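Here the numbering used here = 1-based position in the sequence shown + 2.
Built from N, CA and C at the ideal position, the CB exists for glycine as well.
These numbers come from a predicted model, not from an experiment.
Here is the structure we will look at, set down as structure tokens.
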Amino acid sequence: MMRWSSALSQSPDLVTAVREAATSLRADLDAVDPNLILLFLSEHHKEGFREASALVGSEFGSSLLLGCTARSIIGGGREVEHGPGLSLAAGILPGVTLRPFHFEAGDLPTAEVLRSRMAGNDTPHFLLLSDPFSFDVEPFVRGLDAAFPESQKVGGVASSGVAPGDNALYVGSEVHRSGLVGVALSGNVEVETLVAQGCRPIGSPLFVTRAHENVLYELDGRDALGVLREVYEDLCPADRDLARGSLFLGIEMRQARDAYHPGDFLIRNLRGSDEEEGSLLVGAVVHERQVVQFHLRDARASAEDLEERLERLGAGGSRAFAGAVLFSCLGRGAGLYGEPDHDSDALRRHLGSIPIAGFFGNGEIGPVEKATFLHGYTSAFALLRARD
């Protein structure tokens, strides 16, 4: 039977923190050796980033280690946003094959190479952790989508540093300061992903009638900047204030809909405008005949989006999940909601007492309408259970 456990230590001493978390895991798993260990380590332990891998290995030598460092971590169902934290999660995964990997920036293999290296003939699911300074995630996940269109890909971007080399990525016994690490899980495992982008639409859906790459010139045959001004004028005063700092563009990901709803769009930044052209600069390539809609992000929209998605998932009546990994944005958490443990508590309310581990990162990896993207300001969940 698949089993998961998650443990947290807030000891400022790394050796003590590893020992405390490992002891809790072993007790919860009845001393059965796990197949996979996830390690998320806060920046407060930066002097021991390289040592951490060996310390965890001394506790769980036969387990595959995957992890990274972060400004804030999630473990034992808690979100530790300030102060030292070490999170360990352990999975007993009978019938599951684990294939670890590491790629550097120049390593962008073809779909054929990815298939031969990671999976053989099966359909794996992927947990991915990357460094923000040295690796461009989106081309890599596009390659994974091409190689494994039916697989789930979910993960996060390390966040413990402000310069190249500040972060640590763990895979097996290796410690990397750059690139991307991950594990492909195949066999007796199902991974359900949930990506809460946390925005609400304003105005109406609009057709892109002229665009070039990431420059949006016309919406419904009118200057895009002029259309945005009209949408802004129709907002209430509170939403106008919000639009000055939290305005985004949603890009539809599935064509031929009769109606659009929150969550139907890929949310991307608006990076600027050109008064003379009446155009908008978008943080993504846009195409003519696509449908787009302006969006706002605030605490209420973020909470409602997450609650709706979790409620929908819980209402499916499917078998319980064994464990969860949460990749959340540094812009969420108590700073957004005014209370700690918001997303972890929401998961438990809807899906029960699932062991949760993860971290707050510089970006979140997850799918929207079966295509995988790097997101910001989101929470991306990987929910795991046995297939049988």
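Residue i, enclosing alpha helix (DSSP H) - first and last residue
{"i": "E310", "result": "301-316"}
{"i": "A324", "result": "Premise fails: A324 is in no alpha helix (DSSP H) and is neither H nor E."}
{"i": "Y234", "result": "226-235"}
{"i": "F142", "result": "139-149"}
{"i": "V115", "result": "113-120"}
{"i": "E279", "result": "Careful: E279 lies outside any alpha helix (DSSP H) and carries neither H nor E."}
CA nearest to the CA of residue i, picked from the options
{"i": "E220", "options": "V82, T125, E290", "result": "E290"}
{"i": "F42", "options": "A305, S153, S132, R389", "result": "S132"}
{"i": "P134", "options": "L283, R224, G181, R231", "result": "G181"}
{"i": "S89", "options": "Q12, K372, G158, L130", "result": "Q12"}
{"i": "P203", "options": "L268, P239, E176, P151", "result": "L268"}
{"i": "F150", "options": "N169, G163, S118", "result": "S118"}
{"i": "G228", "options": "R246, F209, E277", "result": "E277"}
{"i": "L171", "options": "V327, P207, S136", "result": "S136"}
{"i": "V287", "options": "F105, R73, D147, A213", "result": "A213"}
Cβ neighbours of residue i in the same chain (closer than 8 Å, five flanking residues each side left out)
{"i": "A258", "result": "Here the model assigns A258 a pLDDT of 49, short of 50, so the residue's position is not dependable, and the following value carries that caveat. Answer for A258: no residue qualifies."}
{"i": "P86", "result": "Q12, S13, P14, A19, S44, H46, H47"}
{"i": "V139", "result": "L130, S132, V159, L182, G365, I367, L376"}
{"i": "A23", "result": "A9, L10, S11, G77, L88, S89, L90"}
Residue i: first and last residue of the uninterrupted beta strand (DSSP E) it sits in
{"i": "P411", "result": "Residue 411 cannot be examined here, being either before or after the span of the chain that is shown, 3 to 390."}
{"i": "S276", "result": "According to the sequence displayed, residue 276 carries Asp and not Ser. Start and end: 267-276."}
{"i": "F62", "result": "Unbroken run through F62: none, as it is neither H nor E."}
{"i": "E81", "result": "80-82"}
{"i": "T125", "result": "First-last for T125: undefined, no H or E at that position."}
{"i": "H377", "result": "373-377"}
Rounded Cβ spacing between residue i and residue j (contact assumed at less than 8 Å)
{"i": "G325", "j": "G93", "result": "6 Å"}
{"i": "L244", "j": "D300", "result": "6 Å"}
{"i": "V17", "j": "L57", "result": "6 Å"}
{"i": "R334", "j": "D345", "result": "7 Å"}
Residues near residue i by beta carbon distance below 7 Å, same chain, minus five either side
{"i": "N37", "result": "S65, L66, G93, I94, L95, V98, L100"}
{"i": "T71", "result": "L43, E45, F51, A160, S162, N169, A170"}
Residues near residue i in its chain [Cβ-Cβ closer than 6 Å; skip 5 each side]
{"i": "R302", "result": "none"}
Quick one: any contact between the stretch 99-118 and the stretch 44-60, if contact means 3 or more CB pairs under 8 Å?
-> no
Are the stretch 353-368 and the stretch 378-385 in contact at 8 Å, needing three or more beta carbon pairs?
-> yes
Should the stretch 70-79 be regarded as contacting the stretch 345-365, the criterion being three or more beta carbon pairs within less than 8 Å?
-> yes
Any 3 or more C-beta pairs closer than 8 Å across the stretch 196-211 and the stretch 311-330 = yes
Could you say if the stretch 278-294 and the stretch 169-186 meet the contact criterion of at least three C-beta pairs nearer than 8 Å?
-> no
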